[in-house]
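Residue numbers (the UniProt record's numbering): 1 to 588.
Backbone N, C-alpha and C fix where the C-beta goes; we use that ideal spot for every residue, glycine too.
From a predicted model like this one, the values you see are computed outputs, not experimental measurements.
Working notes for the structure below.
Here's what the structure looks like:
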């Protein structure tokens with residue numbers, strides 16, 4: 001996916017050392033190249049300090065990637081608190097009252113699902129395009145799509161336009177996620193950072209994501225409460241501009257040097273089958289139990305058809321010399337288990353963020369802004385634990401125990417959240433998510449290593465791209481699974497007299513979250529209790545999924561972390577840059 005698939009080989013015989021001069025890599029061993037000192041002489045062993053000896057361009061590129069990742073995470077988590085107020089106000093303003101009620105029930109989740117659908121379905125193809133046209137062009141195009149989608153949503157005058165804009169945003173966001181994971185993997189793998197030292201950088205990445213996750217809910221909630229939800233999307237535009245500027249100025253990485261016609265011929269068009277299959281599958285997951293019954297043909301046809309299409313894609317890919325799906329990594333037990341645990345982590349992590357917010361708004365009757373603040377105990381715990389976990393991998397050279405402990409704490413955290421009720425104390429709804437945050441934070445810092453450790457450096461970029469896809473697909477399932485459970489449970493727990501008096505149907509109660517405080521007291525208490533009981537079922541399902549993953553993590557092996565890197569891709573730090581034909585560097 002990310003290894004060069006062009007028949008034109010890279011010319012990677014030259015590498016820069018500290019003084020900016022070039023040395024002939026063919027005369028040095030692999031480790032010698034990694035640790036060459038200022039005089040060009042090989043050092044004795046791998047770098048003891050993973051942050052040492054990095055040029056300014058490396059850090060500026062890393063900053064651009066972090067800003068891009070921050071954007072994607074901020075948008076994802078900010079929308080989770082803004083959704084109820086946003087959807088309700090849009091529907092009630094632009095659609096008649098009767099249509100608005102159906103609008104709220106059928107399309108509420110699509111504001112989030114449209115984003116995750118396109119972002120997930122396009123991840124493999126984005127990675128394929130990056131390997132052909134280069135990381136710089138692909139990342140810049142993704143940022144442009146993200147900004148365009150943000151502008152469309154911000155200026156929308158109907159829910160259909162909102163969903164369209166979120167789909168465009170998702171296409172860009174998926175590209176950002178792919179290029180962030182991919183570029184991070186390639187730059188860190190190539191630019192003198194072997195897997196054994198990479199935990200410190202993964203810790204920074206986890207902290208960036210966690211920071212965005214922490215401030216996203218209160219920002220989204222505050223803007224939604226103030227009726228200024230459009231700025232939630234408009235603010236993406238200048239931030240995207242900053243990231244794009246850094247990418248254009250400083251991202252210089254090796255890329256295949258072929259003609260445009262040759263690059264077009266290298267595109268894996270079988271990805272069209274995968275995109276269609278993934279889209280149909282995600283549609284079925286989103287419709288099931290919420291818009292249509294799970295046994296309805298409207299759910300079963302896209303669900304089964306999508307799975308068959310993705311199976312066809314895998315069969316077609318097996319005959320390719322450079323398949324998009326990295327089949328080799330599926331033969332390693334730890335890599336396969338790592339991908340499975342990563343997929344399940346995507347489900348439970350996003351469900352925790354989305355539905356803990358629902359608890360605060362629907363059960364504790366917090367405003368959207370306050371609900372975001374209340375989630376700080378979860379989100380602000382994740383960042384430091386991700387850093388600690390990542391550094392522990394660098395220090396200990398092991399990752400199995402961290403994964404086991406992380407999943408054990410995640411199970412415990414979800415178990416504690418099942419105790420949350422209408423009248424739960426502040427100590428309870430603040431303290432219980434901390435346990436969950438510690439577990440999820442440890443996993444954010446360590447999930448990559450079981451996937452990467454058994455692989456050669458040249459295989460790791462392929463694995464990281466597939467890693468991003470499985471996590472995103474898990475997030476899609478987490479949102480739709482939680483929404484389906486919540487809607488079905490509300491139908492069971494809301495008293496019939498409450499439904500007949502205040503809602504056209506029990507499922508409409510979900511979109512009425514911002515108006516619960518307006519209900520008369522006896523009805524209000526019934527609705528709050530119904531939400532608390534329904535959310536308890538969501539947490540129980542997450543306990544089961546986390547428990548399964550805990551068992552799987554026990555079978556992960558502590559494979560020694562490699563101290564080698566792949567030199568086919570990397571950041572150019574040359575003071576005097578030769579022509580592309582001399583170095584294979586993308587200097588566009």
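Exercise. List the DSSP bridge partners of residue 288.
Key: The sequence position of residue 288 within the chain shown is 288, counting from 1. Bridge partners of residue 288: 292.
Exercise. Using only alpha-carbon positions, find the residue among 475, 287, 393 and 397 that is nearest to residue 488.
Key: What you label residue 488 is simply residue 488 of the chain shown in a count that begins at 1. Of the candidates 475, 287, 393 and 397, the one whose C-alpha sits nearest the C-alpha of residue 488 is 287.
Exercise. Can you grab the Cα-Cα spacing for the pair residue 541 / residue 533, in whole Å?
Key: Taking the first residue of the chain shown as position 1, residue 541 is located at position 541. Taking the first residue of the chain shown as position 1, residue 533 is located at position 533. Between residue 541 and residue 533, the C-alpha separation is close to 13 Å.
Quiz item: Going along the chain, which residues of its own chain have a beta-carbon closer than 6 Å to the beta-carbon of residue 377, five neighbours each way excluded?
Solution: By one-based count along the chain shown, residue 377 stands at place 377. Correct list, in chain order: 430, 433 and 434.
Quiz item: Would the stretch 411 to 425 and the stretch 552 to 561 be scored as touching if the rule is three or more Cβ pairs under 8 Å?
Solution: These segments do not touch.
Exercise. Return the first residue and the last residue of the alpha helix (DSSP H) that residue 302 is part of.
Key: For the purposes of this step, residue 302 is taken as the residue at position 302 of the chain shown. Where residue 302 is concerned, the enclosing alpha helix (DSSP H) stretches over 297 to 317.
Quiz prompt | Among 217, 337 and 247, nearest to residue 352 - alpha-carbon criterion | solution = Against the chain shown, residue 352 aligns to sequence position 352. Nearest to residue 352 by alpha-carbon distance, out of 217, 337 and 247, is 217.
Quiz item: DSSP three-state call for residue 455: helix, strand or coil?
Solution: One-based indexing of the chain shown puts residue 455 at position 455. Secondary structure at residue 455: coil, using DSSP grouped into helix, strand and coil.
Exercise. Compare the Cα-Cα distances from residue 317 to each of 363, 125 and 162 and report the closest residue.
Key: By 1-based counting over the chain shown, the position of residue 317 is 317. The residue with the shortest Cα to Cα distance from residue 317 is 125.
Practice problem: Could you check how far apart the C-beta atoms of residue 72 and residue 207 are, in whole angstroms? I think they sit under 8 Å. | Solution: Position 72 of the chain shown, counting from 1, holds the residue named residue 72. Position 207 of the chain shown, counting from 1, holds the residue named residue 207. About 15 Å; that fails the 8 Å criterion.
Quiz item: From which residue to which residue does the alpha helix (DSSP H) around residue 446 run?
Solution: Counting from one through the chain shown, the residue named residue 446 turns up at place 446. Residue 446 -> alpha helix (DSSP H) spans 426 to 446.
Quiz prompt | Given residue 210 as reference, the closest of 443, 309, 270 and 142 once Cα atoms are compared | solution = To locate residue 210, count along the chain shown from 1; it is residue 210. Of the candidates 443, 309, 270 and 142, 443 places its Cα closest to the Cα of residue 210.
Quiz item: For residue 94, which of helix, strand or coil comes out of DSSP?
Solution: As a working note, residue 94 is residue 94 in the chain shown. Low confidence applies here, because residue 94 scores a pLDDT of 25, under 50, leaving its location unreliable and the question unanswered by this model.
Quiz prompt | Three-state class that DSSP yields for residue 159 in the structure shown | solution = The residue given as residue 159 occupies position 159 in the chain shown. Residue state for residue 159 is assigned as helix, using DSSP reduced to three classes.
Quiz item: Got a sec? Which residues, its chain only, sit under 8 Å from residue 525 by beta carbon, not counting five neighbours each side?
Solution: By 1-based counting over the chain shown, the position of residue 525 is 525. Taken in chain order, the residues that qualify are 422.
Quiz item: Do residue 128 and residue 268 have their C-beta atoms closer together than 8 Å?
Solution: As a position in the chain shown, residue 128 is number 128, starting the count at 1. As a position in the chain shown, residue 268 is number 268, starting the count at 1. Contact: yes.
Quiz item: Which value, in whole angstroms, describes the spacing of the CA atoms of residue 275 and residue 464?
Solution: If you number the chain shown from 1, residue 275 lands on position 275. If you number the chain shown from 1, residue 464 lands on position 464. Roughly 19 Å between the two C-alpha positions.
Self-check item: Same chain only: Cβ atoms within 6 Å of residue 118, ignoring 5 sequence neighbours per side
Solution: By 1-based counting over the chain shown, the position of residue 118 is 118. Within the same chain, residue 118 has close Cβ partners 167, 170 and 171.
Practice problem: Give the DSSP-derived three-state secondary structure of residue 263 in the structure shown. | Solution: Counting from one through the chain shown, the residue named residue 263 turns up at place 263. In this structure, residue 263 counts as helix in the three-state DSSP scheme.
Self-check item: Counted within 10 angstroms of its Cβ, other Cβ atoms place residue 302 as buried (16 or more) or exposed
Solution: Indexing the chain shown from 1 puts residue 302 at position 302. Burial call: buried.
Quiz item: Exposed or buried, residue 456, counting other C-beta atoms within 10 Å across all chains shown (16 or more means buried)?
Solution: Against the chain shown, residue 456 aligns to sequence position 456. Its Cβ having fewer than 16 others within 10 Å, residue 456 is exposed.
Exercise. Please determine, among 499, 163, 74 and 245, the residue with the shortest C-alpha to C-alpha distance to residue 137.
Key: Locating residue 137 in the chain shown gives position 137, where the first residue counts as 1. The residue with the shortest Cα to Cα distance from residue 137 is 245.
Quiz item: Excluding sequence positions up to five away, which residues of its chain have a Cβ less than 6 Å from the Cβ of residue 615?
Solution: Coverage of the chain is limited to positions 1 through 588, which leaves residue 615 absent and any answer about it impossible.
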